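Heads up, the thing below is written out as structure tokens.
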Amino acid sequence: MRPTRATVLLTAGLVPLLGVPSAAAAEAPPALYVNNSAGSSCADSGPGSQAVPFCTISAAAKAVAPGQTVRIKTGRTYDEALTIGSSGAPGKPVSFVADGPVGSAVSLGPHALTLSGAAHVVLRDLNANGGLKVSRSTDVELERIRTIAPTGAASLVVGDASTDVRVSRAVLYGHVRIEGGAQRTVLSRNEIQGDKPDPLAVVDAPGTVVTNNSVSLGCGTAVSLSGGSSGSAVFNNLINAKTLSGPCDPALGRGGITVSQSAADGTRSDYNLVAGDFRAGQVYKWGGAAHQDQAAFHAATGQGGRDIVVPSAEEVGTKAVDSADATAPGVLLTDSKGYPVVDDPRVPNTGKDGGYLDRGAREAQDWLQSVRLELDQPWAPAGTTVKATATAVSAWSGPLTYHFDFGDGSAPVVTKERTATHVYGAPCACTATVTAYNDANQKVGAGSPAKVTAPGPLTAALTSKPFLPTAEDPRAYVAPLTVEVDPRTSAAPWPVQQVDVDFGDGAKERVSALEPVRHAYAQPGDYQVTVTLKDAQGATSTVGRTVPVAYAASGYVPLHPFRVLDTRTAGTPVQAGTATPVTLPIVYYSSGPHHTGGATAAVLNVTVTGAAQDTHLNVWPSGQPRPATSNVNVRAGGTSSNTVTVPIGADGKVLAQLNSGQGHVVVDFVGYYQPNTGHRFTPLTPTRLADTRTAGGALGGGQTRTVKVAGVRSIPPDATAVALNLTSTGATAPTHVIAYADPAKRPATSNLNPEPGKDKSNQVIVPVGPDGTITLYNNAGSTDLIVDAVGYYLDGGGGAFFTPVVPKRLADTRTTGKLAPGATTTVAGLPADAVGAALNVTATDTSDAGFLTVHGYGTARTDASSLNTRPGETVPNHVITPVGDGKVSIWNSWGGSNHVITDLLGYFTYSRP
């Protein structure tokens, strides 16, 4: 138990160090300032004010007057060997202190600090790496000084008849000497460190007090008093003799405390703790006689009756705790780090008269580690009594004081109890906090949110929005058609413990908190979403609303094309009546090339070859019904390809199915559309960029040809990709043509499959390569190629976003009559704000060779072709075209008549819906 006398005993110990308080001094003069930092406007010839401080401490030392304080800015080193000879007056010392954050100090670098002939001086928070010497000075206080012993010298010397020098809470690296007739020097709460011999030597210095210091010993004697050092005191010190790699020099030996015969008169020593191996030396030497243990020392001298001697530092344990003499001269109530004297309840109070002062420079503390705050009602309506409970973790689990602040502007509750109650008067999103303090005024804090609601019934509500990939993390997996349902707008006075969401498509989800819930729908549409809440009081509430689900407007990301499916390699042709899944390269999958996790639609080049009979292929999103549209039409034994823009299913796949028979399918991945990333599109009226029939001649087998596509014909030079209609004519052999960006990186894919006697076309989207060009490659034979631009993509401002749709039929002349030569048909059904559209246009039942041109309704037609028709064949082509007033026009050339089928794949708008 803590004795009632302890505080009296501790206070009594202060008198020898601090002396009798002086009479109240007159008002102190203004402080002087020293600041050598850049921009300080310092001048040694100036007034030393805050506005114009001194640059050096030496200049301030010359100007300082009794009672005045010199405030020295910390931060930069003061590169000066400082000698202070200034003097104050009794009760009016001159003070040199650090001016900076708590714990900072003034650095003199490698230079020495000297006090010579000074009186009534205070130095606080200074670092002198060249050592500190006090000579011919009186009434000097040195607090929180850090010194390092220069080679062959001491870190601190007090001598030359100096009197009443007090050194406290210092860190002294190297040996310390009190000498030369110095009188009444007090060393208290200092840490004397390093490996210099004889760490603390007192020579011819009567009345020296060595109390509550921690001394690290290598060789020599830890604390020695010799010469005329009578009437001194050695109390409460902790001496730690370090483990050595070898024996000490016999001339030095190893000792704990030594007092010579000449210094023993009137000198007292007790309550010291000596730890370490002294087998090659002696723990004590008093009056010339050596003593190897505490009992022998006390029996012979009457000193050290409460000393403790242990053979190693590891065995000190708690022996230094609560075991010192609080009435010893020079005792301080705060330790070397400024922490107070506190009672460790785990350790008996074995100090003098039951005191609890620790031995050494530092006091053991009830270190606070953490505190946790819990509210029994973290979510409740106003008017509810809320109980806050704090749980602190500390070294001793000693008594603490708690400051509870409930965060609503009410006065904090200060208590020794771990709990406090409060009634919130009004709704708020408050944060309750607690700060726990121990007896050393150390503190830790914690907080906990308090959701204070308006009283009333539980009323469910919901909002919804598309959940889209972000520009900051475009590779994160977000399935198309993902919707976030958010019930947080519900009025919930009490905690909601159960949320049931019915997404209206058969899917349901239950969560235990009022938080957003996400769901990926398999297909667009309007869904009746229902949310049911249940709170902690057992109340329930249900709300429902219709949620529209649609694909998001997106930017285009072009890729270096690569193959994702080729049924020829496995020898498993696609069969009619069976949908073949095509896995696309998104992050969701663990293997294969990865490009995106948030694409809404893919751009593919799909080729059908080796068909057993005339047939067509559908491509559509996985998880959705097969649409009544087509993408690739092929004759028996032939090869046909087409670009396909198709939404991606929720599982990251699309499906491909032949209408009849069987055949092999090859799918090349060209690019993708994704919200909040990618490039925007500008549609063009079909514009011819190249025609080998009029320039350059046919492209031979194995040959390449570059075509300028950026910076020409309304396409800006910074275009990142172009949409082209690529047409072959006059082919001399079956072959394939590849359009690609980098001439040095030809992909193992194809875009067009020319055949002799047939004009064939396919639309392609190609990234722009070096110098605004693309490269065309022909595999075999020779063929003429025609390149028509239908639009371009830009990275950044301007351009339109693409919104994919489930493939949808807009028009079919088989129900309205054939399109005659030279005639135009108008196809409606596009959004009024659409500026472009991605279509699949198919010509069938053709009476003679010709071509179709698709252009925006109400705009002039050019001679460029969108699709080449052939008698007896059904020919599809992917067409990107401008749109006017929600419509497109399709013109049939002066060849034969055709039936024209138009399917919508998606549309472009300048703004996101």
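Position 110 (the sequence shown) corresponds to 134 in the working numbering; numbering is contiguous. Every residue gets a Cβ at the ideal spot worked out from N, C-alpha and C, and that includes glycine. Computed from a predicted model, the values in this text were never measured in an experiment.
Where DSSP assigns a beta bridge to histidine 446, which residues make up the other side? Reading the sequence shown from its first residue, position 422 is the one you call residue 446. DSSP output for histidine 446 lists Val410 as bridge partner(s).
CA nearest to the CA of threonine 849, picked from Thr408, Pro900, Cys272 and Ser921: Position 825 of the sequence shown holds residue 849. Here the closest residue by C-alpha is Ser921.
Grab the span of the alpha helix (DSSP H) containing phenylalanine 693 for me, first residue to last. Start at 1 with the first residue of the sequence shown, and residue 693 comes out as number 669. Phenylalanine 693 -> not in any alpha helix (DSSP H); beta strand (DSSP E) instead, spanning 686-698.
What would DSSP say about glycine 724, mapped onto helix, strand or coil? Taking the sequence shown and counting its residues from 1, the one referred to as residue 724 is at position 700. In the structure shown, glycine 724 sits in a strand (DSSP, three-state: E or B).
Tell me the DSSP bridge mates of isoleucine 81? The sequence position of residue 81 within the sequence shown is 57, counting from 1. In the DSSP output, where bridge partners are listed per residue, isoleucine 81 has none listed.
Should the segment 869-879 be regarded as contacting the segment 815-822, the criterion being three or more beta carbon pairs within less than 8 angstroms? no
Please confirm if the segment 296-310 is in contact with the segment 271-279, defined as three or more CB-CB distances below 8 angstroms between the two stretches. yes
DSSP beta-bridge partners for tyrosine 57? The residue labelled residue 57 in the question sits at position 33 within the sequence shown. According to DSSP, which records beta bridges pairwise, tyrosine 57 is partnered with Arg95.
Nearest-angstrom Cβ-Cβ length linking arginine 160 and aspartate 184, presumed shorter than 8 angstroms: Here residue 160 refers to the residue found at position 136 of the sequence shown. Here residue 184 refers to the residue found at position 160 of the sequence shown. The pair is a contact, with the Cβ atoms about 5 angstroms apart (cut-off 8 angstroms).
Distance check for asparagine 657 and leucine 776, CA to CA, integer angstroms please. Translated into the one-based positions of the sequence shown, residue 776 becomes position 752. Translated into the one-based positions of the sequence shown, residue 657 becomes position 633. Using only the alpha carbons, I get a separation of about 14 angstroms.
From glycine 362 to alanine 495, what does the alpha carbon distance come to, in whole angstroms? Locating residue 362 in the sequence shown gives position 338, where the first residue counts as 1. Locating residue 495 in the sequence shown gives position 471, where the first residue counts as 1. Cα to Cα, glycine 362 sits roughly 52 angstroms from alanine 495.
Taking all protein chains shown into account, do 16 or more other C-beta atoms lie within 10 angstroms of the C-beta of valine 588, making it buried, or fewer, making it exposed? The sequence position of residue 588 within the sequence shown is 564, counting from 1. Valine 588 is buried by the Cβ-count criterion.
For a test of the three-state rule: what should DSSP assign to proline 794, helix, strand or coil? Here residue 794 refers to the residue found at position 770 of the sequence shown. Helix.
8 angstroms Cβ shell around tryptophan 918 - same chain, five flanking residues per side excluded: To locate residue 918, count along the sequence shown from 1; it is residue 894. Contacts found: Pro845, Gly846 and Gly874.
Contiguous alpha helix (DSSP H) assignments of at least 4 residues, all confined to the segment 157-188: none
Where valine 345 and proline 402 are concerned, what is the direct C-alpha to C-alpha distance, given to the nearest angstrom? For this step, residue 345 is matched to residue 321 along the sequence shown. For this step, residue 402 is matched to residue 378 along the sequence shown. C-alpha separation (whole angstroms): 42 angstroms.
Is asparagine 261 close to chain C? Criterion is C-beta to C-beta, closer than 8 angstroms. Absent from the structure: chain C. Only one protein chain is present.
Own chain residues within Cβ distance below 7 angstroms of threonine 728, not counting five before or after: Counted from its first residue, the sequence shown places residue 728 at position 704. Closer than 7 angstroms at Cβ, skipping near neighbours: Pro767, Thr799, Leu800 and Tyr801.
Distance, Cα to Cα, threonine 602 vs glutamine 681? Position 578 of the sequence shown, counted from the first residue, corresponds to residue 602. Position 657 of the sequence shown, counted from the first residue, corresponds to residue 681. Threonine 602 and glutamine 681: Cα-Cα distance of roughly 6 angstroms.
Output yes or no for whether 8 angstroms exceeds the beta carbon distance between alanine 55 and glutamine 92. Position 31 of the sequence shown, counting from 1, holds the residue named residue 55. Position 68 of the sequence shown, counting from 1, holds the residue named residue 92. In this structure, the beta-carbon distance from alanine 55 to glutamine 92 falls below 8 angstroms.
Determine the closest residue to arginine 542 out of Tyr448, Tyr501 and Ala563, with distance taken between C-alpha atoms. Locating residue 542 in the sequence shown gives position 518, where the first residue counts as 1. Out of Tyr448, Tyr501 and Ala563, Tyr501 has the C-alpha closest to the C-alpha of arginine 542.
My understanding is that alanine 229 touches histidine 199, with C-beta atoms under 8 angstroms, so please give their C-beta distance in whole angstroms. Locating residue 229 in the sequence shown gives position 205, where the first residue counts as 1. Locating residue 199 in the sequence shown gives position 175, where the first residue counts as 1. Between the beta-carbon of alanine 229 and that of histidine 199 there is about 14 angstroms, and that puts the pair past the 8 angstroms contact cut.
Inspect the beta-carbon positions of threonine 797 and valine 746 and report whether they are closer than 8 angstroms. Within the sequence shown, numbered from 1, the residue matching residue 797 stands at position 773. Within the sequence shown, numbered from 1, the residue matching residue 746 stands at position 722. In this structure, threonine 797 lies away from valine 746, with their beta-carbon atoms at least 8 angstroms apart.
Measure the beta-carbon distance from alanine 485 to proline 511 and round it to whole angstroms, keeping in mind my assumption that it falls under 8 angstroms. The residue labelled residue 485 in the question sits at position 461 within the sequence shown. The residue labelled residue 511 in the question sits at position 487 within the sequence shown. Right, the Cβ-Cβ distance comes to about 7 angstroms (below 8 angstroms), so this counts as a contact.
Judging by CA-CA distance, which residue of Val181, Ile108, Lys440 and Thr716 is the nearest neighbour of valine 146? Position 122 of the sequence shown holds residue 146. Of Val181, Ile108, Lys440 and Thr716, the residue nearest in Cα terms is Ile108.
Would you mind sorting lysine 440 into buried or exposed? The rule is 16 or more other CB atoms within 10 Å of its CB. Translated into positions along the sequence shown, residue 440 becomes position 416. Lysine 440 comes out exposed.
Quick one: Cα of proline 45 to Cα of proline 114, how far? Taking the first residue of the sequence shown as position 1, residue 45 is located at position 21. Taking the first residue of the sequence shown as position 1, residue 114 is located at position 90. Here the model assigns proline 45 a pLDDT of 38, short of 50, so the residue's position is not dependable and the matter cannot be decided.
Using a Cβ-Cβ cutoff of less than 6 angstroms, which residues in the same chain neighbour aspartate 783 once the five nearest sequence positions on both sides are dropped? For the purposes of this step, residue 783 is taken as residue 759 along the sequence shown, with counting starting at 1. These residues qualify, in order along the chain: Thr753 and Asn892.
Return the CA-CA distance between phenylalanine 433 and cysteine 452, expressed in angstroms with no decimal places. Residue 433 sits at position 409 when you count from the first residue of the sequence shown. Residue 452 sits at position 428 when you count from the first residue of the sequence shown. According to the sequence shown, residue 433 is glycine rather than phenylalanine. Cα to Cα, the separation comes out at about 11 angstroms.
Taking the DSSP output, what are the residues bridged to isoleucine 925? Translated into the one-based positions of the sequence shown, residue 925 becomes position 901. In the DSSP secondary-structure assignment, isoleucine 925 is bridged to Asp836 and Thr866.
Neighbourhood of isoleucine 925 by C-beta distance below 6 angstroms, restricted to the same chain and skipping five residues each side: Within the sequence shown, numbered from 1, the residue matching residue 925 stands at position 901. The beta carbon of isoleucine 925 is closer than 6 angstroms to those of Asp836 and Thr866 in its chain, skipping five residues each way along the sequence.
Could you tell me how far apart the beta carbons of alanine 503 and alanine 544 are, in whole angstroms, since I believe they sit closer than 8 angstroms? Here residue 503 is taken as the residue at index 479 of the sequence shown, counted from 1. Here residue 544 is taken as the residue at index 520 of the sequence shown, counted from 1. Going by Cβ atoms, the distance from alanine 503 to alanine 544 rounds to 4 angstroms, so yes, they are a contact pair.
Looking at the strands, I want to know which residues DSSP matches up with glycine 469. Counted from its first residue, the sequence shown places residue 469 at position 445. Thr459, per the DSSP bridge assignment.
What residues in its chain sit with their C-beta under 6 angstroms from that of glutamate 387, if we drop five residues either side in the sequence? Translated into positions along the sequence shown, residue 387 becomes position 363. Asp359, Tyr363 and Val365.
Cβ pair count under 8 angstroms reaching 3, the segment 332-349 against the segment 435-450: Contact between the segment 332-349 and the segment 435-450 is absent: fewer than 3 CB-CB pairs across the two stretches fall below 8 angstroms.
Spatial neighbours of serine 248 in its chain, beta-carbon cut-off 6 angstroms, leaving aside the 5 residues before and after: Residue 248 sits at position 224 when you count from the first residue of the sequence shown. Contacts found: Ala225 and Thr282.
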